[in-house]
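A.B. asks: Okay, here's the structure, questions in a sec.
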Amino acid sequence: AAMYSGAAAGPPRRDFISVTLGPEDAVGVSGYNNSKAWRRRSCWRKWKQLSRLQRSIILFLFAFLAVCGVISYTSMGEAWKSITNKSLDDQRTEQEIRRLKLANPAVLPAPQKADANHGDYPELSLQKPPKLPHVRRGPSNLQIKAPQRDMRLKTQHNTVRAVEELVEVDKVEKTEKSIISWRGAVIEPDQSTEPPSNKITEPEKPSSVEAEDQKEPVPINERQLAVIEAFRHAWKGYKDFAWGHDELKPLSKSYSEWFGLGLTLIDALDTMWILGLKEEFEEARKWVANDLVFDKNVDVNLFESTIRILGGLLSTYHLSGDSLFLEKAKDIGNRLMPAFKTPSKIPYSDVNIGRGTAHPPRWTSDSTVAEVTSIQLEFRELSRLTGDEKFQKAVDEVMKHVHTLSGKNDGLVPMFINTNSGQFTHLGVYTLGARADSYYEYLLKQWIQGGKKENGLLEDYMRAIEGVKKHLLQRSEPKKLTFVGELAHGHFSAKMDHLVCFLPGTLALGAHNGLAADHMKLAETLIETCYEMYAQVETGLSPEIVHFNLHAQKGHKDVEIKPADRHNLLRPETVESLFYMYRFTGDKKYQDWGWEILQNFNKYTRVPTGGYTSINNVQSPSNPEPRDKMESFFLGETLKYMFLLFSDDIDLINLDKYIFNTEAHPLPIWVPA
Numbered sequence: 104a105a106m107y108s109g110a111a112a113g114p115p116r117r118d119f120i121s122v123t124l125g126p127e128d129a130v131g132v133s134g135y136n137n138s139k140a141w142r143r144r145s146c147w148r149k150w151k152q153l154s155r156l157q158r159s160i161i162l163f164l165f166a167f168l169a170v171c172g173v174i175s176y177t178s179m180g181e182a183w184k185s186i187t188n189k190s191l192d193d194q195r196t197e198q199e200i201r202r203l204k205l206a207n208p209a210v211l212p213a214p215q216k217a218d219a220n221h222g223d224y225p226e227l228s229l230q231k232p233p234k235l236p237h238v239r240r241g242p243s244n245l246q247i248k249a250p251q252r253d254m255r256l257k258t259q260h261n262t263v264r265a266v267e268e269l270v271e272v273d274k275v276e277k278t279e280k281s282i283i284s285w286r287g288a289v290i291e292p293d294q295s296t297e298p299p300s301n302k303i304t305e306p307e308k309p310s311s312v313e314a315e316d317q318k319e320p321v322p323i324n325e326r327q328l329a330v331i332e333a334f335r336h337a338w339k340g341y342k343d344f345a346w347g348h349d350e351l352k353p354l355s356k357s358y359s360e361w362f363g364l365g366l367t368l369i370d371a372l373d374t375m376w377i378l379g380l381k382e383e384f385e386e387a388r389k390w391v392a393n394d395l396v397f398d399k400n401v402d403v404n405l406f407e408s409t410i411r412i413l414g415g416l417l418s419t420y421h422l423s424g425d426s427l428f429l430e431k432a433k434d435i436g437n438r439l440m441p442a443f444k445t446p447s448k449i450p451y452s453d454v455n456i457g458r459g460t461a462h463p464p465r466w467t468s469d470s471t472v473a474e475v476t477s478i479q480l481e482f483r484e485l486s487r488l489t490g491d492e493k494f495q496k497a498v499d500e501v502m503k504h505v506h507t508l509s510g511k512n513d514g515l516v517p518m519f520i521n522t523n524s525g526q527f528t529h530l531g532v533y534t535l536g537a538r539a540d541s542y543y544e545y546l547l548k549q550w551i552q553g554g555k556k557e558n559g560l561l562e563d564y565m566r567a568i569e570g571v572k573k574h575l576l577q578r579s580e581p582k583k584l585t586f587v588g589e590l591a592h593g594h595f596s597a598k599m600d601h602l603v604c605f606l607p608g609t610l611a612l613g614a615h616n617g618l619a620a621d622h623m624k625l626a627e628t629l630i631e632t633c634y635e636m637y638a639q640v641e642t643g644l645s646p647e648i649v650h651f652n653l654h655a656q657k658g659h660k661d662v663e664i665k666p667a668d669r670h671n672l673l674r675p676e677t678v679e680s681l682f683y684m685y686r687f688t689g690d691k692k693y694q695d696w697g698w699e700i701l702q703n704f705n706k707y708t709r710v711p712t713g714g715y716t717s718i719n720n721v722q723s724p725s726n727p728e729p730r731d732k733m734e735s736f737f738l739g740e741t742l743k744y745m746f747l748l749f750s751d752d753i754d755l756i757n758l759d760k761y762i763f764n765t766e767a768h769p770l771p772i773w774v775p776a
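Residues 104 to 776 in my numbering are what the sequence shown lists, from first letter to last.
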């Protein structure tokens with residue numbers, strides 16, 4: 104009351120509050136020394152003063168931070184492990200590259216994904232091929248050069264992709280099961296479900312070979328010069344009388360048309376490049392650039408146009424690096440695709456490349472087995488170059504389907520297949536001649552082309568060769584020549600087409616790539632038989648078909664020729680196999696045999712005004728009855744194989760880097776052996 108009443112009368116008073124400390128409190132204050140024990144008691148008192156909700160929130164935050172820390176530590180550990188593994192892989196890659204530069208062993212890599220249908224057979228196991236003389240294996244690149252001509256052959260090779268394949272193979276090999284042997288063949292167990300070749304990647308453009316990477320060119324020898332002279336003589340006739348047309352008729356100095364697409368010119372492009380004929384090649388290139396048009400209303404045979412035109416353009420692109428040929432290849436490839444629009448996916452035989460329609464022959468709905476299974480190398484390579492899977496997918500479906508079909512006889516296939524039902528027809532007839540031959544060839548070559556990963560292809564090939572041994576091999580009299588006959592409804596026929604002479608070369612190629620050693624032995628006996636098909640004939644040229652004597656008869660040779668079979672079409676199969684045999688063995692007799700054949704071609708089929716002609720009668724040296732036709736494969740195959748046969752340059756189309764299609768057009772092996 105005094106405070107309120109005296110507020111205005113005098114100065115303000117100061118009020119004080121006094122606090123008296125007890126003994127315990129005084130000790131507490133005086134005992135504060137910032138020790139750990141005191142801080143813990145203080146923190147604990149503060150913690151106890153917090154509400155339960157506050158304490159729960161703090162505990163949750165600590166737990167959350169602890170979990171985040173564990174996750175971060177794990178992630179950093181994985182990243183560090185990845186960096187370490189990458190370093191190890193880089194070291195392994197460098198080791199693999201150094202190994203490839205030193206050697207190129209024929210060892211099958213561990214398979215990647217393969218179609219489930221390809222796993223129906225017993226697993227196979229590899230054995231190393233026999234060591235053969237005169238075989239040098241170069242580094243794993245895809246580059247060659249023309250002989251003695253400073254022409255740098257350009258080719259396609261993606262080094263990074265190859266190295267990645269090698270690293271992947273090394274990883275897979277560590278987890279594979281142990282290999283199992285079957286009839287001397289060799290293969291790793293397949294554990295996946297889709298073919299690796301379906302993975303299409305955009306390749307690098309072929310690039311010219313650097314000078315420092317080139318070894319000194321091997322001089323062209325006299326026999327090779329003779330082949331060049333023969334080619335120029337044939338080319339002169341074509342240029343003078345059939346330029347831009349399909350085939351030369353050298354006697355009448357005119358031409359014949361099949362598709363009207365310059366078959367001979369396209370077939371001969373890569374031959375000219377390999378022979379080093381620059382002027383002729385440039386002249387032909389101009390025609391391709393300015394005059395080769397596929398947009399025309401014409402029916403073409405799927406098989407023939409694929410192996411000759413598509414194969415020839417792809418091969419020339421790889422050798423020259425000229426994108427013109429790839430663009431033309433893409434054009435014709437797209438125009439052939441309607442052939443695959445069938446109920447069974449087995450393609451029709453004929454395609455109208457202008458209208459985009461396809462159909463079987465007029466007389467049947469069947470296609471021949473050889474034709475539908477011998478277009479794969481080309482379409483697969485077109486997919487690899489363009490990145491468009493549709494080409495490879497179409498032809499791979501054909502192989503998968505044929506793989507599963509019944510009607511085979513120990514791997515041997517009939518000659519016909521129906522495009523509607525997808526089933527074999529005309530069952531019971533088995534041959535390695537016309538209508539079936541290149542089926543067997545392409546089984547092996549697709550396996551090699553794809554880097555030896557598609558095991559189903561190899562299994563079918565190995566089974567088929569066993570079928571040949573079991574059912575088709577016989578020996579003739581009196582020389583006891585081993586030959587390949589035919590089987591018709593259980594009855595053996597001693598008939599052998601000249602086309603079958605592809606087989607020695609194919610067997611040798613398989614042996615070179617790690618298959619059974621007895622394949623090479625069989626190749627050696629069969630190539631001798633093919634040579635005798637020439638040597639035992641009056642002109643020294645083989646007929647289209649021969650029959651072998653199974654029983655000794657006085658005055659009779661091993662080879663008998665029927666009047667309807669005694670023509671010669673300038674075919675390449677024997678020369679092709681001679682090339683493989685010489686390349687893998689170095690035996691000069693194969694060159695000598697080829698030289699005899701070339702001389703006889705010059706003697707009995709050469710036309711003075713230009714060109715060479717097929718003949719009707721190989722048994723009449725005085726009148727071989729010329730047929731007035733030079734097949735395109737004489738320039739595309741026969742003379743090319745002659746030139747390669749006479750060469751001692753192992754890198755002139757190195758067989759560890761290239762695979763020949765059935766028209767002798769070399770295509771690169773995707774993963775060099």
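Don't be surprised by glycine CBs; every beta carbon is placed ideally from N, CA and C.
None of these values were measured; they are calculated from a predicted model.
Considering only the alpha carbon of each residue, which of 423, 415, 674 and 509 lies closest to residue 48?
C.D. replies: What is shown of the chain runs 104 to 776, which leaves residue 48 out entirely.
A.B. asks: Compare the C-alpha of residue 582 against each of 563, 659 and 591 and name the closest.
C.D. replies: Here residue 582 corresponds to residue number 479 of the sequence shown, with the count starting at 1. Cα-wise, what sits closest to residue 582 is 659.
A.B. asks: Have a look at residue 405 and residue 726 and give me their C-alpha separation to the nearest angstrom.
C.D. replies: Along the sequence shown, one-based indexing puts residue 405 at 302. Along the sequence shown, one-based indexing puts residue 726 at 623. When rounded, the distance between both Cα atoms is 36 Å.
A.B. asks: If we ignore side chains and look at the alpha-carbon of each, how far apart do residue 633 and residue 527 end up?
C.D. replies: Translated into the one-based positions of the sequence shown, residue 633 becomes position 530. Translated into the one-based positions of the sequence shown, residue 527 becomes position 424. For residue 633 and residue 527, the distance between alpha carbons rounds to 30 Å.
A.B. asks: Does the segment 532-541 come into contact with the segment 731-750, if we say contact requires no fewer than three beta-carbon pairs (one atom in each stretch) closer than 8 Å?
C.D. replies: no
A.B. asks: Ordered along the chain, which non-local residues of its own chain (more than five positions away) have a Cβ less than 8 Å from that of residue 358?
C.D. replies: The residue you call residue 358 lines up with position 255 of the sequence shown. Within the same chain, residue 358 has close Cβ partners 344, 345, 348, 349, 350, 351 and 352.
A.B. asks: What does residue 350 pair with, by DSSP beta-bridge criteria?
C.D. replies: Within the sequence shown, residue 350 is the residue found at index 247, counting from 1. According to DSSP, residue 350 bridges with 359.
A.B. asks: Roughly how many angstroms separate the alpha carbons of residue 665 and residue 451, rounded to a whole number?
C.D. replies: Position 562 of the sequence shown, counted from the first residue, corresponds to residue 665. Position 348 of the sequence shown, counted from the first residue, corresponds to residue 451. Each residue's alpha carbon lies about 33 Å from the other.
A.B. asks: Relative to the alpha-carbon of residue 688, which residue among 753, 677 and 407 has its alpha-carbon at the smallest distance?
C.D. replies: Residue 688 sits at position 585 when you count from the first residue of the sequence shown. Its Cα nearest to that of residue 688, the residue 753 stands out among 753, 677 and 407.
A.B. asks: Which ranges does the beta strand (DSSP E) cover as unbroken runs of at least 3 residues, wholly within the segment 590-643, from first to last along the chain?
C.D. replies: 594-596 and 598-600
A.B. asks: Since residue 461 sits in a beta bridge, which residues does DSSP pair it with?
C.D. replies: Your numbering for residue 461 matches position 358 in the sequence shown. In the DSSP output, where bridge partners are listed per residue, residue 461 has 454.
A.B. asks: What did DSSP end up calling residue 646 once you bin it into helix, strand or coil?
C.D. replies: Walking along the sequence shown from the start, residue 646 turns up at place 543. Coil at residue 646, not helix or strand.
A.B. asks: May I ask you to list the residues that DSSP assigns as paired with residue 411?
C.D. replies: Indexing the sequence shown from 1 puts residue 411 at position 308. Residue pairing of residue 411 in beta bridges, as defined by DSSP: absent, with no partner found.
A.B. asks: Which same chain residues, not among the five before or five after residue 710, have their C-beta less than 7 Å away from its C-beta?
C.D. replies: Counting from 1 along the sequence shown, the entry for residue 710 is found at position 607. For residue 710, where only same-chain residues beyond five positions count, the Cβ hits under 7 Å are 340, 353, 354 and 716.
A.B. asks: Taking the alpha carbon of residue 567 as the point to measure from, which residue in 587, 402 and 556 has its own alpha carbon closest?
C.D. replies: The residue you call residue 567 lines up with position 464 of the sequence shown. Of 587, 402 and 556, the residue nearest in Cα terms is 587.
A.B. asks: Can you give the beta carbon distance from residue 591 to residue 514, rounded, assuming they're within the 8 Å contact cut?
C.D. replies: Here residue 591 refers to the residue found at position 488 when the sequence shown is read from its first residue. Here residue 514 refers to the residue found at position 411 when the sequence shown is read from its first residue. 17 Å between Cβ atoms; not a contact.
A.B. asks: Where residue 342 and residue 417 are concerned, what is the direct C-alpha to C-alpha distance, given to the nearest angstrom?
C.D. replies: By 1-based counting over the sequence shown, the position of residue 342 is 239. By 1-based counting over the sequence shown, the position of residue 417 is 314. Using only the alpha carbons, I get a separation of about 23 Å.
A.B. asks: Below 8 Å between beta carbons: does that hold for residue 512 and residue 459?
C.D. replies: Working through the sequence shown from its first residue, we reach residue 512 at position 409. Working through the sequence shown from its first residue, we reach residue 459 at position 356. No, the pair does not count as a contact, with Cβ atoms beyond the cut-off.
A.B. asks: Apart from the five residues just before and just after residue 576, which ones in its own chain have a Cβ nearer than 7 Å to its Cβ?
C.D. replies: Here residue 576 is taken as the residue at index 473 of the sequence shown, counted from 1. Excluding residues within five positions, the ones whose Cβ falls inside 7 Å are 585 and 587.
A.B. asks: Run through the DSSP bridge pairs and tell me what residue 384 is partnered with.
C.D. replies: To locate residue 384, count along the sequence shown from 1; it is residue 281. Residue 384 is not bridged to any residue.
A.B. asks: With H, G and I counted as helix, E and B as strand and the rest as coil, what does DSSP make of residue 513?
C.D. replies: Taking the first residue of the sequence shown as 1, we reach residue 513 at position 410. Three-state result, residue 513: coil.
A.B. asks: Residue 770 and residue 552: beta carbons closer than 8 Å?
C.D. replies: Indexing the sequence shown from 1 puts residue 770 at position 667. Indexing the sequence shown from 1 puts residue 552 at position 449. For residue 770 and residue 552, yes; Cβs fall inside 8 Å.
A.B. asks: Assess contact between the segment 620-630 and the segment 638-653, defined as three or more Cβ pairs (one per stretch) separated by less than 8 Å. Is contact present?
C.D. replies: no
A.B. asks: Write down the C-beta distance between residue 661 and residue 635 rounded to the nearest angstrom, noting that I regard them as a contact closer than 8 Å.
C.D. replies: Translated into positions along the sequence shown, residue 661 becomes position 558. Translated into positions along the sequence shown, residue 635 becomes position 532. So it is a contact: roughly 6 Å between Cβ atoms.
A.B. asks: Start and end of the alpha helix (DSSP H) containing residue 779?
C.D. replies: Because the chain spans 104 through 776 in this model, residue 779 falls outside it and cannot be assessed.
A.B. asks: Confirm, please, whether the CB-CB distance from residue 609 to residue 547 is below 8 Å.
C.D. replies: Walking along the sequence shown from the start, residue 547 turns up at place 444. Walking along the sequence shown from the start, residue 609 turns up at place 506. Between residue 547 and residue 609, the CB-CB gap stays under 8 Å.
A.B. asks: May I ask you to list the residues that DSSP assigns as paired with residue 418?
C.D. replies: If you number the sequence shown from 1, residue 418 lands on position 315. Paired residue(s): none; residue 418 is not in a bridge.
A.B. asks: For the segment 704-771, which segments carrying the beta strand (DSSP E) assignment without a break, of at least 3 residues, lie completely within its bounds, in sequence order?
C.D. replies: The qualifying runs are 761-763 and 769-771.
A.B. asks: Please say whether residue 480 and residue 545 have beta carbons closer to each other than 8 Å?
C.D. replies: Working through the sequence shown from its first residue, we reach residue 545 at position 442. Working through the sequence shown from its first residue, we reach residue 480 at position 377. The answer is yes: Cβ separation under 8 Å.
A.B. asks: Suppose contacts are defined by Cβ-Cβ distances below 8 Å. Is residue 403 in contact with residue 456 by that definition?
C.D. replies: For the purposes of this step, residue 403 is taken as the residue at position 300 of the sequence shown. For the purposes of this step, residue 456 is taken as the residue at position 353 of the sequence shown. In this structure, residue 456 lies closer than 8 Å to residue 403 by Cβ.
A.B. asks: Per DSSP, residue 469 is paired with what?
C.D. replies: Locating residue 469 in the sequence shown gives position 366, counting from the first residue. Per DSSP, 521.
A.B. asks: If we ignore side chains and look at the alpha-carbon of each, how far apart do residue 673 and residue 718 end up?
C.D. replies: Residue 673 sits at position 570 when you count from the first residue of the sequence shown. Residue 718 sits at position 615 when you count from the first residue of the sequence shown. Residue 673 and residue 718: Cα-Cα distance of roughly 8 Å.
A.B. asks: Going by C-alpha distance, which of 572, 677 and 168 is nearest residue 621?
C.D. replies: Mapped onto the sequence shown, residue 621 falls at position 518. Looking at the Cα atoms, 572 is the closest of the given residues.
A.B. asks: Tell me which residues share the same chain as residue 237 and place their Cβ nearer than 6 Å to its Cβ, disregarding the 5 neighbours each side in the sequence.
C.D. replies: Taking the first residue of the sequence shown as 1, we reach residue 237 at position 134. Reliability fails at residue 237, whose pLDDT of 38 lies under 50, so the model's placement of it is uncertain and the value that follows must be treated cautiously. Cβ-Cβ distances below 6 Å link residue 237 to 689 in the same chain, with the five nearest sequence neighbours on each side left out; the list follows chain order.
A.B. asks: If I follow the unbroken beta strand (DSSP E) through residue 577, where does it start and stop?
C.D. replies: Sequence index remark: in the sequence shown, residue 577 carries index 474 (1-based). It spans 576-578 - the beta strand (DSSP E) in which residue 577 sits, taken as one unbroken run.
A.B. asks: Quick check: residue 445 and residue 522, are their CB atoms within less than 8 Å of each other?
C.D. replies: Counting from one through the sequence shown, the residue named residue 445 turns up at place 342. Counting from one through the sequence shown, the residue named residue 522 turns up at place 419. Yes, the Cβ-Cβ distance between residue 445 and residue 522 is below 8 Å.
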